[in-house]
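In my numbering, the protein residues as written are 2 to 148. Glycine included, every Cβ here is placed at the ideal spot set by N, Cα and C. Following: one structure in structure tokens, then a few remarks.
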């Protein structure tokens, strides 16, 4: 059984290939706006870290993004996933959001972010307990084994 991170996936790659959702530990959508600016929306199976206790939902942060655009992105995401908005430092949390974990949900969310913000998105997926056949059937060229 393997723990694998698949990274730098395009939304189209993720959309085309279903995976075992019960083995997904973490997903992240990185929305690259320019060489100097990007945002990240992410989910963890055990909850996103908020202080000392994880909360169920999603978390978001932006780097090198104007406050106005960051607020627009948060509003856009909130309209799709709901949840209670909470802030901690540079991160925004969507507590108890409707966070999907299947390939279609994640890929379509990334595609909608690309279209809305004229950006390029990449997706990272981390799995645990994948058997050899599952590892080979997924995105082998973009796999990073985790010890």
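Specify, as a first and last residue, the run of the alpha helix (DSSP H) that residue i falls within.
i           : result
residue 91  : Neither: residue 91 is in no alpha helix (DSSP H) and is coded neither H nor E.
residue 75  : 68–82
residue 119 : It is not in any alpha helix (DSSP H) - residue 119 carries neither H nor E in the DSSP assignment.
For residue i, list the residues DSSP reports as bridge partners.
i           : result
residue 58  : 96
residue 146 : 5
residue 25  : 128
residue 10  : 124
residue 86  : 95
So residue i and residue j are supposed to be a Cβ contact under 8 Å. How far apart are they, rounded?
i           : j           : result
residue 22  : residue 108 : Between residue 108 and residue 22 the Cβ distance is about 13 Å, and since that is not below 8 Å, they are no contact.
residue 102 : residue 28  : 7 Å
residue 33  : residue 121 : 5 Å
residue 30  : residue 110 : 6 Å
residue 51  : residue 89  : 6 Å
Does DSSP put residue i in a helix, in a strand, or in coil?
i           : result
residue 43  : strand
residue 129 : strand
residue 37  : coil
residue 20  : coil
residue 1   : The chain is shown from 2 up to 148; residue 1 falls before or after that span and cannot be answered.
residue 30  : strand
residue 110 : helix
residue 134 : helix
Excluding sequence positions up to five away, which residues of its chain have a Cβ less than 7 Å from the Cβ of residue i?
i           : result
residue 6   : 125, 127, 145, 147
residue 129 : 4, 24, 26
residue 77  : 117
Going along the chain, which residues of its own chain have a beta-carbon closer than 6 Å to the beta-carbon of residue i, five neighbours each way excluded?
i          : result
residue 87 : 94, 96
residue 63 : 40, 71
residue 38 : 65, 66
residue 75 : 93
List the endpoints of the continuous beta strand (DSSP E) containing residue i.
i          : result
residue 51 : 49–51
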